[in-house]
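Be aware that the sequence shown starts at -17, since it is given in the numbering used here, and climbs by one per residue.
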Amino acid sequence: MVASEGTPYVKTGGLADVIGSLPAALVAQGVDVRVIMPRYSDVKFGERSVVSLGLVRVPFDGSERLAEIQQAVPPTDAEKADDITAYFVEAPQFFRRPSLYGYEDDLLRFGFFSRAVLEMLRQLTSLHWCPDIIHCHDWHTGLLPVYLRTVFKDDKQIGNIKTVFSIHNLAYQSVVPKSYLPRLGLGWDTFTFHRLEYFDQVNPMKAGLVYSDELTAVSAGYASEIQTPEYGEGLDHVLRERADHLTGIINGIDYTIWHPSTDPFVCANYSALDWSNKATCKRDLLKTVGLLPENGQAVDLKGKPVIGMVSRLSSQKGFDLVIDSMEQILELGCYFVLLGNGDERYLHLFEDLGRRYPKTTSMNLGKFNEELAHKIYAGCDLFLMPSRYEPCGLGQMIALDYGTVPIVRCTGGLADTVHEWEPKTRTGNGFVFQNFSAYEMMAAVHRAVETYHSPAWPEVVRNAFAGDFSWDASAARYKKLYENLARESRVHQAPEVNKKYA
Ligand code: ADP
-17 MVASEGTPYV KTGGLADVIG SLPAALVAQG VDVRVIMPRY SDVKFGERSV VSLGLVRVPF
43 DGSERLAEIQ QAVPPTDAEK ADDITAYFVE APQFFRRPSL YGYEDDLLRF GFFSRAVLEM
103 LRQLTSLHWC PDIIHCHDWH TGLLPVYLRT VFKDDKQIGN IKTVFSIHNL AYQSVVPKSY
163 LPRLGLGWDT FTFHRLEYFD QVNPMKAGLV YSDELTAVSA GYASEIQTPE YGEGLDHVLR
223 ERADHLTGII NGIDYTIWHP STDPFVCANY SALDWSNKAT CKRDLLKTVG LLPENGQAVD
283 LKGKPVIGMV SRLSSQKGFD LVIDSMEQIL ELGCYFVLLG NGDERYLHLF EDLGRRYPKT
343 TSMNLGKFNE ELAHKIYAGC DLFLMPSRYE PCGLGQMIAL DYGTVPIVRC TGGLADTVHE
403 WEPKTRTGNG FVFQNFSAYE MMAAVHRAVE TYHSPAWPEV VRNAFAGDFS WDASAARYKK
463 LYENLARESR VHQAPEVNKK YA
């Protein structure tokens, strides 16, 4: 697994959760998985020590550079047996920076990373290991299959390795001017409409889509949506072209981290069989975020649903609808608790709303706070995800696992996991709206709050708890994909220069 982030080492979003949990599920099914990511300044090793496996030479940007390959090693033998082997590419000039992403030279940084991973497999003989499949994730690793099929196509050690490329979020593509191509060590034959070229620029996401043997998207819904112009982010034609090699596999969640019966961050554990302690978690959450005084025992919270959000602050997540509707949400007698980090514009807008409604809203902005996230999932009654698009979405699955009922827009992974509560059939685990409009979102919030006040509510909560979002089934699908691919005798070739797209 080659990725730009992964728990427990470094996380900015859902990709890290996947890299932190899918490998263990695959290992449980007998797959030998190792993970590699860059060594950023804020990688957290916890109790583990860091061991150097040696240096590799990486020809890049006009010179030969060195990268150190490191491995995280847990302190005890028992922990070593449980730990997924994790390697890190240490190259301070590229990765020892305050943030993970957002630099002008990002594509050079991750191009270097991709190339260094392949050099490691060739040069670091002490590894005594070579994978059958390299599984890449998102644009950061999109150039790896290109290096493999161009620079290393005749390499005896690695030239026949197959690649799987997973699309976690097609919207982030990190397109750069074509002048970067020689700096990345790639020939101009890769710069065609059928390969890396994208409006006269270099597109590493397209590179991954075109050069990898198999593609996956993180839900079935998203896999079909991205083949349409509406969701294809300018690459829908490439995805249609490769539709036979594109599979939707829904992400799971790691129940060792996300489970109300064992969660160490919540003040009172509970389960699907007895969730009476959820009310204690609600009270604790409201105290933690300052909406209830420490001595607020007497306040009756049953009549006041808490709506929560834990999310990157980005327009993808539908915050414009939430901002437009905040007054109406509060008029329904709800509390609103947000934990979010991201776009400045939203930070300011939510700060303002927090000032306007200090008694009923809590805006926890500009920080990444694991503990508060857990408290929100456990302590809320409703979880709001009105996304414009959502490749998979972990928030709604975690919420369901905590018996917190989601209100979502019907898109991507949200549509695959959340179904409207139907009073007639007593089915459904949430509230769903179709079009990206504040009016439709508010109608869903109304339905949710009305149901919350009705005798049917425990049934909705029970349905929420009933979902199975463990990795088992999805890991089995990845395993099958790997096995089929490993059996193929030929590797995939990028389209010929003069091939026409349909
Ligand atoms: P995305 O990957 O698009 O950001 P997902 O819903 O797939 O969205 O995953 C988001 C993950 O990041 C979830 O585990 C969520 O709890 C977590 N998260 C997002 N923002 C924060 C934050 N500010 N503090 C703590 N956890 C956060």
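By construction, the Cβ of each residue, glycine as well, lies at the ideal position given by its N, Cα and C atoms.
Say yes only if the C-beta of N151 is nearer than 7 Å to one or more non-hydrogen atoms of the ligand ADP, and no if none qualify.
-> yes
Whole-angstrom distance between N417 and E372, CA atom to CA atom = 14 Å
Specify, as a first and last residue, the run of the beta strand (DSSP E) that C563 falls within.
-> The question about residue 563 has no answer, for the chain in this structure spans -17 to 484.
Cα separation between E333 and V319?
-> 12 Å
Closest Cα partner of V146 within the set L126, P164, V158 = L126
Rounded C-alpha distance that separates K62 from Q53 = Taking the straight line from one Cα to the other gives about 12 Å.
Is W392 near the ligand ADP, judged by its Cβ being under 7 Å from some heavy atom?
-> Note that residue 392 is Cys in the sequence shown here, rather than Trp. C392: no, Cβ never under 7 Å from the ligand ADP.
Report yes if the C-beta of R294 is less than 7 Å from at least one heavy atom of the ligand ADP; otherwise report no.
-> Yes, the ligand ADP has a heavy atom inside 7 Å of this Cβ.
Compute the beta-carbon to beta-carbon distance between I51 and G36, rounded to the nearest angstrom, for a pair I have assumed lies under 8 Å.
-> For I51 against G36, the beta-carbon gap comes to about 6 Å, under 8 Å, which counts as contact.
Please list, in chain order, all residues of the same chain as A73 whose beta carbon is under 6 Å from its beta carbon, the five residues on each side excluded.
-> A49
Sequence-distant residues of its chain with Cβ nearer than 6 Å to A446 (five each side left out) = L382, G385, V387, N411
Selected residue, minimal CA-CA separation from A360, among A202, G375, F247 = F247
Residue burial classification, Q75 (beta-carbon count within 10 angstroms, cutoff 16) | exposed
For the putative contact between R370 and S297, defined by C-beta atoms under 8 Å, what is the C-beta separation to the nearest angstrom?
-> Going by Cβ atoms, the distance from R370 to S297 rounds to 7 Å, so yes, they are a contact pair.
Among Q105, A98, D136, R104, which has the Cα closest to the Cα of T123?
-> Of the candidates Q105, A98, D136, R104, the one whose C-alpha sits nearest the C-alpha of T123 is A98.
By Cβ distance, which residues of its chain are closer than 7 Å to P287, with the 5 residues on each side in sequence left out?
-> C316, D363, L364, V431, Y434
For R78 versus S34, is the C-beta distance shorter than 8 Å?
-> No, Cβ-Cβ distance for R78 and S34 is not below 8 Å.
Any idea what DSSP makes of Q378, helix, strand or coil?
-> helix
Is the closest heavy atom of the ligand ADP to the C-beta of F350 under 7 Å?
-> Yes, Cβ of F350 sits closer than 7 Å to a heavy atom of the ligand ADP.
Using 10 angstroms around the beta-carbon of K482, count the other beta-carbons present and answer buried if the total reaches 16, otherwise exposed.
-> Caution applies to K482, whose pLDDT of 47 falls short of 50 and renders its modelled position unreliable; the value that the coordinates give is listed next. It counts as exposed.
Taking 8 Å as the threshold, find out whether the segment 6 to 20 comes into contact with the segment 128 to 141 through three or more Cβ pairs.
-> The segment 6 to 20 vs the segment 128 to 141: no contact.
List the whole-angstrom C-beta distance separating V(-8) from V25, where the pair is believed to meet the contact cut-off of C-beta under 8 Å.
-> 5 Å
Near A458, what residues of its chain come up, given a Cβ to Cβ distance below 8 Å and the 5 sequence neighbours on each side ignored?
-> Q11
Roughly how far, in whole angstroms, is the beta-carbon of F173 from the beta-carbon of K160, given that I think they are within contact range, below 8 Å?
-> 6 Å
Inter-residue spacing [alpha-carbon to alpha-carbon] between F95 and P20 | 7 Å
Determine the burial state of A(-2): buried for a count of at least 16 other Cβ atoms within 10 Å of its Cβ, exposed for fewer.
-> buried
A492 Cβ short of 7 Å to the ligand ADP heavy atom set = Outside the displayed range of the chain (-17 to 484) lies residue 492, so it cannot be described from this structure.
Using DSSP with H/G/I as helix, E/B as strand and the rest coil, what is A484?
-> Because the pLDDT at A484 is just 34, under 50, the model does not fix this residue reliably, and the value given afterwards should be weighed accordingly. Coil at A484, not helix or strand.
Given a threshold of 16 other Cβ atoms within 10 Å of its Cβ, counted over all protein chains shown, does A425 qualify as buried or as exposed?
-> exposed
Taking Y460 as the reference, give the member of G(-5), I140, L89, G234 with the closest Cα.
-> When only C-alpha atoms are compared, the closest one is G234.
For F247, the residue or residues it bridges with in DSSP = DSSP, once it has assigned bridges, lists no residue as partnering F247.
Roughly how many angstroms separate the alpha carbons of P440 and A261, rounded to a whole number?
-> 13 Å
When DSSP labels each residue in this structure, what does L331 get in the three-state scheme?
-> helix
Beta-carbon separation of N200 and I239 under 8 Å?
-> It should be noted that the sequence gives Val, not Asn, for residue 200. Taking 8 Å as the Cβ cut-off, V200 and I239 do not qualify as a contacting pair.
Closest to I149 by CA distance: which of H401, L217, Y85 is it?
-> Among H401, L217, Y85, the Cα nearest to that of I149 is on L217.
May I ask you to check if the CB of D(-1) is nearer than 7 Å to at least one heavy atom of the ligand ADP?
-> Yes, since a heavy atom of the ligand ADP falls inside the 7 Å radius drawn around the Cβ of D(-1).
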